[in-house]
Amino acid sequence: GGPPFPEVIPGARENEYIGLQSIAEMGEWVVLRENKPKCLPFFWNMVTGEKSWEAPLSIKSAGVAELLAKWSTELTERGIEPGPEAWP
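To convert, take the position in the sequence shown, counting from 1, and add 6; that gives the numbering used here.
See the structure below:
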């Protein structure tokens, strides 16, 4: 299991979600975290609506799953806006 997932409610702008931060997007998966400290990310499939605390295979095989978890737990509540150089 793990804790229940927060609801994913898209905001007015692209990549904006109410009460959540989008840390990354890989294919159809969006990596989201709640706006609170020491928060682990969860993975949301924008096509199927599936949510997972476990990184999907495509993200694991890219080798960034641990990095995303580390990054998410270290972010402040406001988070960061990564520059375009963060994701090729």
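Where is the CB? At the ideal position from N, CA and C, for every residue including glycine.
Extent of the continuous alpha helix (DSSP H) run through W50: Taken as a continuous stretch (DSSP letters only), W50 belongs to no alpha helix (DSSP H), being part of the beta strand (DSSP E) at 48-51.
Sheet register partners of V36 (DSSP bridge): E31, W50
Simplified DSSP assignment, three categories, for L63: helix
Exposure of I15, with buried meaning 16 or more beta-carbon neighbours within 10 Å: exposed
Top-ranked residue by Cα proximity to E31, from G25, M52, P43, K42: M52
Among C45, A68, W50, S58, the one whose alpha carbon lies nearest that of E80: C45
Straight-line gap, E56 to W50 (C-alpha atoms, nearest Å): 6 Å
Per DSSP, cross-strand counterpart(s) of P16: Y23
For L81, the first and last residue of its enclosing alpha helix (DSSP H): Careful: L81 lies outside any alpha helix (DSSP H) and carries neither H nor E.
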